[in-house]
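**Student:**
Numbering (UniProt numbering), first residue to last: 1 to 470.
#1: Starting from the C-beta of residue 389, find all residues in its chain whose C-beta is less than 6 Å away, skip the five residues before and the five after it, and write them out in chain order.
#2: Do you know offhand how far residue 62's Cα is from residue 289's?
#3: May I ask you to report which of helix, strand or coil DSSP gives residue 338?
#4: Have a look at residue 43 and residue 59 and give me their C-alpha separation to the nearest angstrom.
#5: Quick one: grab the DSSP three-state call for residue 204.
#6: Quick test of your reading: residue 193 and residue 291, contact by CB under 8 Å. State the CB separation rounded to the nearest angstrom.
#7: By the 10 Å Cβ neighbour count, where 16 or more other Cβ atoms means buried, how is residue 325 classified, buried or exposed?
#8: If we ignore side chains and look at the alpha-carbon of each, how far apart do residue 127 and residue 350 end up?
#9: What is the residue span of the alpha helix (DSSP H) that residue 313 lies within?
#10: Give the range of the alpha helix (DSSP H) segment to which residue 257 is assigned.
#11: Quick one: what's residue 388 bridged to in DSSP?
#12: Under the rule that 16 or more other beta-carbon atoms within 10 Å means buried, what is residue 200, buried or exposed?
#13: Between the stretch 135-148 and the stretch 207-222, do at least 3 Cβ pairs fall closer than 8 Å?
#14: Short check: CB of residue 273 to CB of residue 280, under 8 Å?
#15: Can you give the Cα-Cα distance for residue 17 and residue 355, rounded to whole angstroms?
#16: Leaving out the 5 sequence neighbours to the left and right, which residues in its chain are closer than 7 Å to residue 33 when beta-carbon positions are compared?
#17: Quick one: does residue 17 have its CB under 8 Å from some CB of chain D?
#18: Look at the Cβ atom of residue 237, then the Cβ atom of residue 327, and state whether they are nearer than 8 Å.
#19: Exposed or buried, which one is residue 253 when buried takes at least 16 other CB atoms within 10 Å?
#20: Would you mind reading off the limits of the alpha helix (DSSP H) that contains residue 283?
#21: CB-CB under 6 Å to residue 263, same chain, minus the five flanking residues each way: which ones, in chain order?
#22: Would residue 190 and residue 233 be called neighbours here (beta carbons separated by less than 8 Å)?
#23: Please name the residue, chosen from 287, 154, 152, that lies closest to residue 548 on a Cα-to-Cα basis.
#24: Which value, in whole angstroms, describes the spacing of the CA atoms of residue 452 and residue 400?
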């Protein structure tokens, strides 16, 4: 729109501005509105037709843009009204400036008047932990995992016998013969990636936000997997499969089988997964791909060796799934596609403030989990930085060390009690709760080693009741 003031825009220029800002849905209702009228829009205008029918956010997005225009308009109007450091405006509110200055520092016909531009105060933390929301995401993920396991047990009963329905043709199987140990390599790679991700997550400064993002995405992916494996039951991809016997309605035995699979993490190497039918799509590919995406996204960019190493584990693991002939190629391709797209969609919405508000132009707000997304991300104000910190303080380490020594040493001899850790007088009184587990009928004295080699009596216990007995 160039340098022209917003208040001087014509009706056509208002329409062009709306198009430039990506708010074409307002072009119709505001087609007869010029710039000055646009600047006077308020929240009340969006509560009445026709504006109330345009968007579900109550015009919040457009009002923010108009507020910015008003600030720019104020600055433009008053920037020529400075005289000897004073902001000046005329009596009648006319914004035309004069070049004639009076000796007292005021322009002819102007009075000194302060222009106040409200600046919103920061509301709370930019990255509030909100562990309660992380707990909700954890429960959501657990529910999705349990539902998936139950669905695997149900689908297992529907898998046709391999003698009656042979494996479907697969191009990858035509080029590569089956390698028996390949699937074990895949699961080992997956466990390594998960362990590395847990360690990396525990060192993050904003672990609560990142944790609930991971839990929501992985839970949603396994929820999608329930649907795909149920609506299309594929035959086993190889004649080497040894599926457990079908139970044919024995729900008690099926639930025991489900609990066994949950306890073993759904891994073949733990002996917990011997059911068939959970092919479309691959859960192993989901975990390999998703852990790598999170590890790369939230680790420092200079850790290229870490990214390459984790990427190699992911690629080798996915290749070994196919090399073991434990999944069709389509299972792996669909798993990769859904995992990467859901990860990218979620983070695009989380990192762009404009996508966090529902509007007619925001098509991502039409996903079924959008309300849950808003609940998890509404207070995260910008992109989460890749910040790390030690998850425990030095003081807590001292507490743990002293407590461990107290539990593994003979501290009580005669009348005296001496703290075995030389950590200073002020700390000994706090770090030895177990040292107080003494017989209540004896008088005890608490000593601490000082830096000069002498002992200082800190406290005397006489006929007190403690938490523990000798």
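Heads up, the beta-carbon is just placed ideally off N, CA and C, and yes, glycines get one too.
**Tutor:** Taking the definition as stated:
#1: 205
#2: 39 Å
#3: helix
#4: 7 Å
#5: strand
#6: 4 Å
#7: buried
#8: 12 Å
#9: 304-323
#10: 251-263
#11: 204
#12: buried
#13: yes
#14: no
#15: 20 Å
#16: 11, 14
#17: In summary, chain D is missing from the structure at hand, where a single protein chain is found.
#18: yes
#19: exposed
#20: 283-297
#21: none
#22: no
#23: Since the displayed the chain opens at 1 and closes at 470, residue 548 lies outside it and no answer follows.
#24: Because residue 452 sits at a pLDDT of 46, beneath the cut-off of 50, its placement in the model cannot be relied upon, and the following sentence gives the value as read from the coordinates. Roughly 25 Å separates the two Cα atoms.
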